[in-house]
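**Q** Got a structure here, written out as structure tokens. Questions coming.
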């Protein structure tokens, strides 16, 4: 029997090396970064467009509220509508320009009223973002009302 110490020989571990090193080259890294940059710019533009559209929709919604409030004010005031008017008001946390245009209706007792609302940003009036049309009827007292000629207190 051979001695165990003499039969075991040390084994030298060698790693296989190829002519080329493993890993990424500088060109591959640069191409990967360029692709990543293009994707990042596209995502940034998409999110910017989304935020811009949300702001536009919010402005249109608030302008619609302002126009409806102006129409309600016309009903509450109960005054004859004879001329166009432009007014500036602060509502919904913003400044607005409200243009009320009065036109003759089908008959003299009816008036067609158009209310246009535009935001005022940094002192400059923007384009109108909403318009509503209402029909106002003049009652016996000559006052504007939406109740088609009925006097107050009658049902």
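Numbering (my numbering), first residue to last: 868 to 1022.
Where a beta carbon is used, it is the ideal one built from N, C-alpha and C, also for glycine.
Which runs of the beta strand (DSSP E) spanning at least 3 residues fall entirely within the stretch 899-924, listed in chain order?
**A** Counting whole runs of 3 or more residues, the stretch 899-924 contains no beta strand (DSSP E) stretch at all.
**Q** Ignore the nearest five residues each way along the sequence and tell me which others in residue 961's own chain have a CB closer than 7 Å to its CB.
**A** 929, 986
**Q** Using CA atoms only, rank isn't needed, just tell me which of 970, 917, 955 is closest to residue 988.
**A** 955
**Q** Pick from 958, 927, 949: whose alpha carbon is nearest that of residue 980?
**A** 949
**Q** Taking residue 1004 and residue 976 to be in contact with their CB atoms under 8 Å, please state how far apart those CB atoms are, rounded to whole angstroms.
**A** 6 Å
**Q** If we ignore side chains and look at the alpha-carbon of each, how far apart do residue 1001 and residue 911 end up?
**A** 43 Å
**Q** Roughly how many whole angstroms lie between the Cα atoms of residue 920 and residue 904?
**A** 24 Å
**Q** On the premise that residue 999 lies in contact with residue 982, defined as a C-beta separation below 8 Å, what is that separation, rounded to the nearest angstrom?
**A** 5 Å
**Q** Keeping to the same chain, check which residues put their C-beta closer than 7 Å to that of residue 959; ignore five residues upstream and five downstream.
**A** 929, 932, 933
**Q** Is the Cβ-Cβ distance between residue 978 and residue 969 less than 8 Å?
**A** yes
**Q** Which residue or residues does DSSP assign as beta-bridge partners of residue 986?
**A** 963
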